[in-house]
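Here is the structure we will look at.
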Amino acid sequence: MRIGMYDSGVGGLTVLAAFVRHMPEHDYVYFGDTLHAPYGDRTAEEVRALSLAAVKQLVARDIDLLVVACNTSASVAVDTLVDHYPDLPVLTLLDAVGPAVQHFPGGKIALLATRRTVEAGVFEARLRSARPDAAVRSVAAPALVPLIERGVKDPAVYGPFLDSYLKPLATWGAEVLVLGCTHYPLIADQIQSRVPHTLLIDPANHLARHVAEKQDAFPASSSSGSVTLLASGDATVLDAFWKSVSSQIQTEASEEYDHIELRRKPTTSGTKAVTHGSATPGMHP
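All residue numbers for the sequence shown refer to UniProt numbering, where the first residue is 1 and numbers rise by one.
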């Protein structure tokens, strides 16, 4: 199976890493729109247009399944993508966020996401639907993605922003915090340190496990697995992040799922690339 993924930049590589850990035998094509990142503060119209352009790059490479590895795009652009590519199965982390929280105890669930994702409200709606017994609170964190995209490592730079976003959640007593942007697992340790008594959930792990359980429904790969990284800007940025992410992102120990449906409509550019010959995390030629 050839699985295509895209994100506004490097954040979706955390989703790619989760899939590779569960299904290293498949072929992956990842498009990072580094030239236009971040998507989180763009208008819905801009996000839809950029999402279509990203998917066009992936469809040209004969993908069997599309994973929208950008939650901002998942919040506003998925219907547009399905309309344009009615025969292409589409999955988003939105499909996994409900099952991800359904079996965890606790009456207070928080969502940390980009401004556009929070304003769209679809992730919060899924959380409320999955856990009608719980209180749900969303927090927009607009400063984080630009810092992550620039490769900032210094915790002191993130500190004031994370304190501003997370201290109210700690005071509120959030028991579960859903990482509602695929960039956030890259700074999960800093997030966790500010909400030490809160369970962090990365929906990517749930989605990857679900697809792994259902992969018999898709074509088998003719190779031993590969990762191709595409970028609208500098592809070496993606390469550097991939080498780091693929060796650091850990799979959650145990999770339970409800059924997740593939989203498929009923049927009647100047891209730069870096290719890796093995999809095994940490293995790069």
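Cβ coordinates follow ideal geometry from the N, Cα and C atoms, glycine included.
- DSSP places TYR158 in the helix class (H, G or I) of the three-state scheme.
- Rounded to whole angstroms, the Cβ separation of SER129 and LEU81 is 22 Å, and the two are not in contact under 8 Å.
- The alpha-carbon separation between ASP33 and TYR6 amounts to approximately 8 Å.
- Your pair GLU213 and THR198 does not check out as a contact, with CB atoms roughly 28 Å apart and the cut at 8 Å.
- The continuous beta strand (DSSP E) containing LEU111 extends over residues 108-113.
- Boundaries of the alpha helix (DSSP H) harbouring SER73: 71-76, taken from the DSSP string.
- Secondary structure at THR117: helix, using DSSP grouped into helix, strand and coil.
- Taking all protein chains shown into account, ARG48 has 16 or more neighbouring C-beta atoms within 10 Å of its C-beta and is therefore buried.
- ALA208 and HIS26 do not touch by the CB rule: their CB atoms are close to 11 Å apart, not below 8 Å.
- Assignment of ASP133 by DSSP, reduced to helix, strand and coil, places it in the coil class.
- Proximity to LEU65 across MET1, HIS183, LEU162 and TYR184 peaks at MET1, based on C-alpha coordinates.
- In the three-state reduction of the DSSP assignment, GLY32 falls in the strand class, which pools E and B.
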